Amino acid sequence: MTRQELVDFARSKLGTPYVYGMKGAVMTQANFNYLQGQYGKKLVWDSDETKVGKVCVDCSGLISWATGVILGSAQLFDKAIKKELIGTIKQAPVGALVWMKGHVGIYTGVKNGVPYYIAADGSAYGVREVPLSKNNFTHWLLMDYINYVERDNEVVKREKIIVNGKECEADMIRKDGTTYIKTRDVAELLGLKVGNKGSVPVLASR
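Right, here's the structure in full:
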């Protein structure tokens with residue numbers, strides 16, 4: 000799975016209810032009873048019973064659902080091929096995991112200078128995409144089963160770019176001595192919306 004496929008999958012699940020121990024399946028009454036008995040009411044709330052009959056997921060379950068690799072948040076940290084402190088998040092590729100003890104999410108990039116993530120963020124929120132400051136992540140991680148290279152010999156790096164006199168950062172692809180930036184990233188940096196007319200990208204004011 001590529002990093003962009005991971006992000007796209009997670010965005011397609013925005014609004015999915017959170018229940019601790021669920022991995023992207025419909026929660027039955029038996030599931031709820033088992034999970035609350037197994038983990039207790041501090042992790043599986045009484046109010047989670049209202050989610051019976053709905054597809055539900057927890058934080059590591061969102062990543063397992065996307066990748067097919069079933070690992071808890073602690074296992075993800077243990078098996079990461081790269082671990083960096085969260086203070087360097089702007090150097091991370093989009094699609095890196097953001098981690099703290101007991102919780103994990105997916106880094107989705109910088110918007111207007113603010114880093115964002117997607118996670119199944121608890122029973123009160125479900126799957127949401129919000130600024131990184133909404134949580135207390137300590138590290139970002141790279142996994143060996145997520146492809147952070149766009150194509151052969153095309154390495155994605157977080158680089159600085161100056162837009163209207165303001166220094167920003169964006170994911171860039173370097174190939175054969177040339178630097179490329181995606182249309183949607185250009186649009187975001189300029190505060191434009193991106194669409195298409197046939198196969199032609201269209202940038203327009205918001």
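In numbering that gives the first Met the number 0, the protein residues as written are 0 to 205.
Note that the Cβ used here is the ideal one computed from N, Cα and C, for glycine as well.
This structure is a prediction, so every number in the text was calculated from the model and none was measured.
From this set, the options, which residue's C-alpha is nearest residue i's C-alpha?
i	options	result
residue 199	168, 183, 205 and 132	183
residue 37	11, 21 and 114	21
residue 132	121, 86, 94 and 167	86
residue 16	26, 8 and 105	26
residue 118	91, 10 and 162	10
How many Å lie between residue i and residue j at the Cα?
i	j	result
residue 158	residue 98	23 Å
residue 192	residue 14	23 Å
residue 88	residue 33	37 Å
residue 180	residue 188	11 Å
residue 172	residue 56	33 Å
residue 47	residue 93	31 Å
residue 61	residue 74	14 Å
residue 156	residue 24	35 Å
residue 78	residue 43	27 Å
residue 205	residue 194	11 Å
residue 111	residue 165	11 Å
residue 108	residue 83	16 Å
Write down the C-beta distance between residue i and residue j rounded to the nearest angstrom, noting that I regard them as a contact closer than 8 Å.
i	j	result
residue 18	residue 50	6 Å
residue 1	residue 135	At roughly 28 Å, the Cβ-Cβ gap does not stay under 8 Å, so residue 1 and residue 135 are not in contact.
residue 129	residue 58	Contact doesn't hold; Cβ gap of about 13 Å is too wide.
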